[in-house]
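Each residue of the sequence shown is one higher than the one before, starting from 1 at the first, in the numbering used here. C-beta atoms are modelled at their ideal positions from N, C-alpha and C, and glycine is treated no differently. In this text, all values refer to a predicted model and were calculated from it rather than measured experimentally.
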Amino acid sequence: MTSKEALENIKKGYDTLKELVERDIPKKVCYDNVGRSECPSCDRNYLFNGRMNRNKYCGYCGQRLDWSE
Ligand SMILES: [Zn+2]
Numbered sequence: 001m002t003s004k005e006a007l008e009n010i011k012k013g014y015d016t017l018k019e020l021v022e023r024d025i026p027k028k029v030c031y032d033n034v035g036r037s038e039c040p041s042c043d044r045n046y047l048f049n050g051r052m053n054r055n056k057y058c059g060y061c062g063q064r065l066d067w068s069e
């Protein structure tokens, strides 16, 4: 491995880690124009479990969710 390749690997690892950390910071749930909740990160509606309880994390991308108004 060249030093340049090693640096690329470190950068990739850093980006992945950064993504994980950012996903773990709660983001406020978004609402579309008809008032349906959607994920602030991926805009998808995977925010409830089978019993229609609010999920703490987006079921699609894993974004941590903040349900406070
Ligand atoms: Zn999501």
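First and last residue of the uninterrupted alpha helix (DSSP H) at residue i
i     : result
Tyr14 : Ser3 to Arg23
Buried or exposed by the 16-neighbour rule on C-beta atoms within 10 Å, applied to residue i
i     : result
Leu7  : exposed
Cys42 : exposed
Beta-carbon separation (whole angstroms), residue i vs residue j, contact threshold 8 Å
i     : j     : result
Leu47 : Leu20 : Their Cβ separation, rounded to whole angstroms, is 20 Å, which puts Leu47 and Leu20 out of contact at 8 Å.
Val29 : Trp67 : 6 Å
Proximity test, residue i beta-carbon vs ligand 2 heavy atom, cut-off 7 Å
i    : result
Lys4 : With respect to ligand 2, the structure shown offers nothing to examine, as its ligands consist of ligand 1.
If you measure from each residue's Cβ to the nearest non-hydrogen atom of ligand 1, which ones come out under 5 Å, in chain order? In chain order, the residues with a C-beta atom nearer than 5 Å to some heavy atom of ligand 1 are Cys39, Ser41, Cys42, Cys58, Tyr60, Cys61 and Gln63.
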